[in-house]
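For reference, each letter of the sequence shown is one residue, going 297 to 544 in our numbering.
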Amino acid sequence: MAKKVVPEGERRRRKPAKAGGVVLSERLYIETALRMLQEHGRDGLTVRRLGAAIGADPSSLYRYFRSTDDLLLAVGDELAGRALRGWAPTGDWRADLRELGLRVHSAYLAHPQAAILTASRVSGRSHEIAADEAILGVLRTAGLPDAETVRVYHAFIDQALAFAALDAAALALPHTARAADEAVWQATYARLPAGTHPHIAATAPRLVARMNTSAYPTALEMLLDSAAAALNSAPGGARPPNGADAAR
Numbered sequence: 297m298a299k300k301v302v303p304e305g306e307r308r309r310r311k312p313a314k315a316g317g318v319v320l321s322e323r324l325y326i327e328t329a330l331r332m333l334q335e336h337g338r339d340g341l342t343v344r345r346l347g348a349a350i351g352a353d354p355s356s357l358y359r360y361f362r363s364t365d366d367l368l369l370a371v372g373d374e375l376a377g378r379a380l381r382g383w384a385p386t387g388d389w390r391a392d393l394r395e396l397g398l399r400v401h402s403a404y405l406a407h408p409q410a411a412i413l414t415a416s417r418v419s420g421r422s423h424e425i426a427a428d429e430a431i432l433g434v435l436r437t438a439g440l441p442d443a444e445t446v447r448v449y450h451a452f453i454d455q456a457l458a459f460a461a462l463d464a465a466a467l468a469l470p471h472t473a474r475a476a477d478e479a480v481w482q483a484t485y486a487r488l489p490a491g492t493h494p495h496i497a498a499t500a501p502r503l504v505a506r507m508n509t510s511a512y513p514t515a516l517e518m519l520l521d522s523a524a525a526a527l528n529s530a531p532g533g534a535r536p537p538n539g540a541d542a543a544r
């Protein structure tokens, strides 16, 4: 018989269960899943291994989650929550968006194995919704029309998560494989002759200096430039940050 799935709100109201002296909770499963993903990758995240790590019967997971995939969605939502923790808008739309983007990127890179599995997912959970509300709020408060707000929001959040997944995949490689990849720029590209590869040869020192770092900060600034151009062309032109008029 299929197990009864308890709605999220009801799960949180339920009195926590205990197993071997450990108080079970949704948060305990999320934190344990993050640790197991960090240590063992996706293959290490099974119902049986979760139960063993927590000291509970494997079936206890279903008090809080429909499946391990449901748990993964909660893990992604946790990363979104960590990105938002301590953030508050300043009224400077560009600075606020920059900080949000960098926070999202950093929160996912802190758990690369989890980032690979969750950056492309949509959970509809509370932290994800709060992050979306924050980004949309910054853009709308800046003065962008709603259609342009959604266009920029779409590019902004997909860019942050795409770079998080890309950079996390590199971090998740075995050390030897990652080191070998990084060495290619110096060992191969920097040695290509100008006679056959003039453009690579001309830029080789700069390629070596940059290509093993994330391009996300640069891409983020490009996106912010595009948003600023859209804001300047919106009806009424660019608005000053909140409170800027009062400071003049």
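Beta carbons: idealized from backbone N, C-alpha and C, even for Gly. Remember, it's a predicted structure, so these values are computed and weren't measured experimentally.
* Leaving out five residues before and five after E478 in sequence, what residues of the same chain have Cβ atoms less than 8 Å from its Cβ? -> Correct list, in chain order: N508.
* Rounded separation between L393 and P489 - CA only -> In a straight line, the C-alpha of L393 is about 42 Å away from that of P489.
* Go ahead and pull the three-state DSSP assignment for V434. => helix
* Of all the options A468, N528 and L440, which has the alpha carbon lying nearest to the alpha carbon of I412? -> A468
* What did DSSP end up calling V418 once you bin it into helix, strand or coil? -> coil
* Asked: Taking contact to mean at least 3 C-beta pairs separated by less than 8 Å, is the segment 332-345 in contact with the segment 377-387?
  -> no
* **Euclidean distance between Cα positions of E327 and D339** => 17 Å
* Looking at Y512 and F459, is the spacing between their C-beta atoms short of 7 Å? -> Yes, Cβ-Cβ distance for F459 and Y512 is below 7 Å.
* To do: Compare the beta carbon distance of L367 and A329 with 7 Å and say whether it is the shorter of the two.
  => yes
* To do: Look at A376 and A415 and say whether their C-beta atoms are less than 7 Å apart.
  => Going by C-beta atoms, A376 is not nearer than 7 Å to A415.
* Asked: Can you round the beta-carbon distance between Y360 and E322 to whole angstroms, since I take them to be within the 8 Å contact cut?
  -> 4 Å
* Can Q586 and L380 be called in contact, C-beta distance under 7 Å? -> This structure leaves residue 586 out entirely; the chain is present only between 297 and 544.
* Between G539 and A464, what straight-line distance do the alpha-carbon atoms span, to the nearest angstrom? -> Note that G539 scores 40 on pLDDT, short of 50, meaning its location in the model is unreliable and no value can be drawn from it.
* Inspect the beta-carbon positions of A523 and V448 and report whether they are closer than 7 Å. => Yes, they are a contact pair.
* To do: Could you please give the first and the last residue of the uninterrupted alpha helix (DSSP H) stretch that includes T499?
  => Per DSSP, T499 is one residue of the alpha helix (DSSP H) stretching across P494 to R506.
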